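Residue numbers (mature numbering (1 follows the signal peptide of the UniProt record, and there is no 0)): -22 to -1, 1 to 150.
Cβ atoms here follow ideal geometry from the backbone N, Cα and C, with glycine treated the same way.
Please read these numbers as outputs of a predicted model, since none were measured by experiment.
Here's the structure, in structure tokens; my notes come after.
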């Protein structure tokens, strides 16, 4: 009996830890993981640094990107805060919404259907930044001209949403 329990405990521990790691797509845990992934993506940290993008932060020291899944509603938004640190655009916060009022001159609010998030995350034809914005796959509020000036890094950001695992079967 003790031997059976001893053999079963590692499997139970793996099951519990695997369950604890499974974030819901675009929940606060997912946003924290997306923040870490951002910081590991040179196309974002270098491509959006300084005057390229990150320094336009209304003097508060960070830009805000809020995201949500259309089917889950605007109340399910999550937030990333991006700061210009040491010449890089670094994600300094990822999680639940902290910024209640977005500045439309510097901040971004984006939403899409799960199907369109998958398409953008995989970088499929017509689902890059320009295609997603012009076809309406990506609903977008914020400084559009600024975003258009950084299409390459913006593509990398949209693909990052597909690299951070998350369960889409339920809303956060």
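C-alpha gap between residue i and residue j, whole angstroms
| i | j | result |
| --- | --- | --- |
| residue 128 | residue 55 | 23 Å |
| residue 142 | residue 116 | 18 Å |
| residue 30 | residue 120 | 16 Å |
| residue 85 | residue 37 | 12 Å |
| residue 3 | residue 147 | 9 Å |
| residue -17 | residue 83 | Summary for residue -17: the model assigns pLDDT 41, below 50, so the residue's position carries little reliability; its value from the coordinates is reported in the next sentence. Approximately 59 Å between the Cα atoms of the pair. |
| residue 68 | residue 12 | 12 Å |
| residue 144 | residue 92 | 11 Å |
| residue 24 | residue 44 | 21 Å |
| residue 9 | residue 18 | 14 Å |
| residue 111 | residue 104 | 10 Å |
| residue 87 | residue 15 | 19 Å |
| residue -8 | residue 1 | Any answer about residue -8 is weak, because its pLDDT of 38 lies below 50 and its placement is not dependable; what the coordinates show is given next. Going from the Cα of residue -8 to the Cα of residue 1 covers about 15 Å. |
| residue 76 | residue 102 | 32 Å |
| residue 107 | residue 94 | 12 Å |
| residue 123 | residue 134 | 18 Å |
| residue 79 | residue 109 | 28 Å |
DSSP beta-bridge partners of residue i
| i | result |
| --- | --- |
| residue 50 | Per DSSP, none; premise fails for residue 50. |
| residue 119 | 87 |
| residue 2 | 145 |
| residue 41 | 60 |
| residue 36 | Paired residue(s): none; residue 36 is not in a bridge. |
| residue 67 | 62 |
| residue 73 | 57 |
Same chain, Cβ closer than 6 Å to residue i, neighbours up to 5 away in sequence not counted
| i | result |
| --- | --- |
| residue 33 | 62 |
| residue 89 | 46, 48 and 117 |
| residue 72 | 9, 10, 12, 13 and 58 |
| residue 81 | 36 |
Integer Cβ distance of residue i from residue j, believed to fall under 8 Å
| i | j | result |
| --- | --- | --- |
| residue 99 | residue 139 | 5 Å |
| residue 57 | residue 42 | 6 Å |
| residue 6 | residue 74 | 5 Å |
Closest residue to residue i among the options (Cα-Cα distance)
| i | options | result |
| --- | --- | --- |
| residue 21 | 13, 132 and 37 | 132 |
| residue 96 | 78, 136, 79 and 80 | 136 |
| residue 39 | 60, 150 and 130 | 60 |
Cβ neighbours of residue i in the same chain (closer than 7 Å, five flanking residues each side left out)
| i | result |
| --- | --- |
| residue 28 | 62 and 65 |
| residue 35 | 41 and 84 |
Neighbourhood of residue i by C-beta, 8 Å cutoff - its chain only, sequence neighbours within 5 removed
| i | result |
| --- | --- |
| residue 149 | 2, 47, 49, 50, 51 and 54 |
| residue 130 | 21 and 25 |
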